[in-house]
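Note that our numbering has the sequence shown beginning at 16, numbered continuously upward. In what follows, a single structure is set out as structure tokens and then discussed.
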Amino acid sequence: MAEPETIRRADFRVFRAIPTRWLDNDVYGHVNNVVYYSYFDTAVTGHLVESGVLDYQNAPVFGIVVETKCSFLKELAFPDIVEAGLRIARLGNSSVRYEIALFREGDPEPAAFGYFIHVYVDRESRRPVRIPDHVRAVMAPLVA
Numbered sequence: 016m017a018e019p020e021t022i023r024r025a026d027f028r029v030f031r032a033i034p035t036r037w038l039d040n041d042v043y044g045h046v047n048n049v050v051y052y053s054y055f056d057t058a059v060t061g062h063l064v065e066s067g068v069l070d071y072q073n074a075p076v077f078g079i080v081v082e083t084k085c086s087f088l089k090e091l092a093f094p095d096i097v098e099a100g101l102r103i104a105r106l107g108n109s110s111v112r113y114e115i116a117l118f119r120e121g122d123p124e125p126a127a128f129g130y131f132i133h134v135y136v137d138r139e140s141r142r143p144v145r146i147p148d149h150v151r152a153v154m155a156p157l158v159a
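Laid out in structure tokens, this is it:
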């Protein structure tokens, strides 16, 4: 994973605007650390759904999160708009490593940087399987 201080907006292939909510803030007046992971998940899942490759109710194969990490670099707080940058650092046979940077709207430096690793599994057996070709076709342009 790249060092957080070297992360730039230009390093990411797609962006998603995510409005913060009042309830995202904690007693310290900033977005609580656990909420950052929901922003990561929104960036990844939103892209897959909008690309037409994730039908989470019926798909025979889907990705499950097996590893995560988040480095917190700057505070976010309501009513910030978060711009979540998404790229793929590694596309393997059954796994994919998404890297996500969260930027305050218009800020060139990230507020947070991290990753999700998904392993694709069969719905019934929950055993790892090859990422389907139609899903790979959507992922390929995101590979950094």
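Using N, Cα and C, we set each Cβ at its ideal position, and we do this for glycine too. Please read all numbers here as calculations on a predicted model, not as lab measurements.
Could you give the residue range of the beta strand (DSSP E) that holds Y71?
-> Here Y71 belongs to no beta strand (DSSP E), and DSSP marks it neither H nor E.
From this set, S140, V97, F30, A155, which residue's C-alpha is nearest A104's C-alpha?
-> It is A155.
V81 lies in the beta strand (DSSP E); which residues open and close that run?
-> Where V81 is concerned, the enclosing beta strand (DSSP E) stretches over 76-87.
How many angstroms separate the CA atom of D56 from the CA atom of V42?
-> So the alpha carbons of these two residues sit roughly 24 Å apart.
Rounded straight-line distance, which links the Cα of E124 to that of R24 | Each residue's alpha carbon lies about 8 Å from the other.
With DSSP run on the structure shown, which of helix, strand or coil describes Y135?
-> Assignment of Y135 by DSSP, reduced to helix, strand and coil, places it in the strand class.
Going by beta carbon distance, what residues of the same chain come within less than 7 Å of V50, once the five residues before and after it are set aside?
-> Taken in chain order, the residues that qualify are D39.
Tell me, which residues are paired with G129 by DSSP?
-> In DSSP, G129 forms a bridge with C85, I115.
Is E114 near Y130, with beta carbons less than 7 Å apart?
-> A contact, by the Cβ cut-off of 7 Å.
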